[in-house]
Amino acid sequence: MEANGCVSLEEIEQYNYMANQTFKTEEEFYKFYNGYAFHKGFSVRKDRIWYKPSTKEVTWRRFVFSFEGYRMEKHLKGRIRKDSHVP
0 MEANGCVSLE EIEQYNYMAN QTFKTEEEFY KFYNGYAFHK GFSVRKDRIW
50 YKPSTKEVTW RRFVFSFEGY RMEKHLKGRI RKDSHVP
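Numbered by numbering that gives the first Met the number 0, the letters in the sequence shown go through residues 0 to 86 in order.
As C-alpha coordinates, then:
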(Lines of atoms letter the chains of each structure in order from A and count residues from 1; the text may use other names and numbers.)
(Lines give C-alpha, C1' and ligand atoms only; values in the text may rest on other atoms or scores of the structure.)
Protein backbone atom coordinates (compact mmCIF):
# COMPACT_ATOMS: atom_id res chain seq x y z
CA MET A 1 0.00 0.00 0.00
CA GLU A 2 1.31 3.41 -0.89
CA ALA A 3 1.71 6.31 1.56
CA ASN A 4 -1.49 7.93 0.29
CA GLY A 5 -3.49 4.80 1.16
CA CYS A 6 -3.89 3.62 -2.44
CA VAL A 7 -3.02 0.15 -3.64
CA SER A 8 -0.79 -0.10 -6.70
CA LEU A 9 -1.70 -2.09 -9.79
CA GLU A 10 1.29 -4.35 -9.10
CA GLU A 11 -0.07 -5.17 -5.62
CA ILE A 12 -3.50 -5.96 -7.05
CA GLU A 13 -1.96 -8.26 -9.66
CA GLN A 14 0.14 -9.98 -7.00
CA TYR A 15 -2.94 -10.47 -4.80
CA ASN A 16 -4.92 -11.94 -7.70
CA TYR A 17 -2.04 -14.29 -8.54
CA MET A 18 -1.86 -15.51 -4.93
CA ALA A 19 -5.63 -15.79 -4.46
CA ASN A 20 -6.12 -17.84 -7.63
CA GLN A 21 -3.51 -20.52 -6.90
CA THR A 22 -4.68 -24.12 -6.59
CA PHE A 23 -2.82 -27.01 -5.01
CA LYS A 24 -3.24 -30.77 -5.00
CA THR A 25 -2.30 -31.26 -1.35
CA GLU A 26 -2.31 -29.31 1.87
CA GLU A 27 1.44 -29.84 2.20
CA GLU A 28 2.04 -28.41 -1.28
CA PHE A 29 0.06 -25.30 -0.31
CA TYR A 30 1.86 -24.95 3.02
CA LYS A 31 5.30 -25.08 1.37
CA PHE A 32 4.25 -22.48 -1.22
CA TYR A 33 2.67 -20.10 1.29
CA ASN A 34 5.47 -20.51 3.82
CA GLY A 35 8.01 -19.67 1.08
CA TYR A 36 5.99 -16.61 0.10
CA ALA A 37 5.73 -15.54 3.73
CA PHE A 38 9.48 -15.94 4.25
CA HIS A 39 10.13 -13.81 1.15
CA LYS A 40 7.82 -11.11 2.55
CA GLY A 41 9.37 -11.22 6.04
CA PHE A 42 6.83 -13.12 8.12
CA SER A 43 5.97 -16.71 8.93
CA VAL A 44 2.80 -18.77 9.04
CA ARG A 45 1.48 -21.60 11.15
CA LYS A 46 -1.27 -24.15 10.86
CA ASP A 47 -4.20 -23.08 13.04
CA ARG A 48 -7.58 -24.80 13.02
CA ILE A 49 -8.78 -27.81 11.12
CA TRP A 50 -12.27 -29.13 10.43
CA TYR A 51 -13.17 -32.71 9.58
CA LYS A 52 -16.15 -34.30 7.88
CA PRO A 53 -17.82 -36.05 10.86
CA SER A 54 -18.69 -39.27 9.09
CA THR A 55 -15.28 -39.97 7.53
CA LYS A 56 -12.85 -37.75 9.47
CA GLU A 57 -11.75 -36.37 6.10
CA VAL A 58 -10.22 -32.88 6.32
CA THR A 59 -12.67 -30.40 4.83
CA TRP A 60 -11.13 -27.11 5.90
CA ARG A 61 -7.77 -25.93 7.25
CA ARG A 62 -6.80 -22.44 8.36
CA PHE A 63 -3.29 -21.04 8.10
CA VAL A 64 -2.50 -17.82 9.95
CA PHE A 65 0.27 -15.29 10.47
CA SER A 66 2.50 -16.83 13.14
CA PHE A 67 1.78 -14.09 15.70
CA GLU A 68 -1.99 -13.99 15.09
CA GLY A 69 -4.24 -14.66 18.05
CA TYR A 70 -3.38 -17.21 20.69
CA ARG A 71 -2.34 -20.82 20.51
CA MET A 72 -5.01 -23.29 21.50
CA GLU A 73 -4.77 -24.41 25.13
CA LYS A 74 -4.29 -28.06 24.17
CA HIS A 75 -1.06 -27.11 22.38
CA LEU A 76 0.34 -25.33 25.43
CA LYS A 77 -0.12 -28.08 28.00
CA GLY A 78 2.79 -30.34 28.77
CA ARG A 79 5.40 -28.30 26.95
CA ILE A 80 8.58 -28.05 28.92
CA ARG A 81 11.25 -25.81 27.53
CA LYS A 82 14.83 -26.77 28.15
CA ASP A 83 17.60 -24.23 28.12
CA SER A 84 19.93 -24.96 25.26
CA HIS A 85 22.91 -23.53 27.11
CA VAL A 86 23.71 -24.03 30.76
CA PRO A 87 26.81 -22.17 32.04
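Using N, Cα and C, we set each Cβ at its ideal position, and we do this for glycine too. Keep in mind the model is a prediction, meaning the values are calculated, not measured.
Alpha carbon of residue i to alpha carbon of residue j, nearest angstrom
i, j, result
"TRP49", "GLU56", "8 Å"
"TYR32", "ASN19", "13 Å"
"CYS5", "GLN13", "15 Å"
"THR58", "LYS51", "6 Å"
"LYS23", "ASN15", "19 Å"
"TYR29", "ILE11", "22 Å"
"PHE66", "ARG47", "14 Å"
"GLU26", "ARG60", "11 Å"
"LYS39", "ASN3", "21 Å"
Beta-carbon spacing of residue i, residue j below 8 Å
i, j, result
"PHE64", "PHE37", "no"
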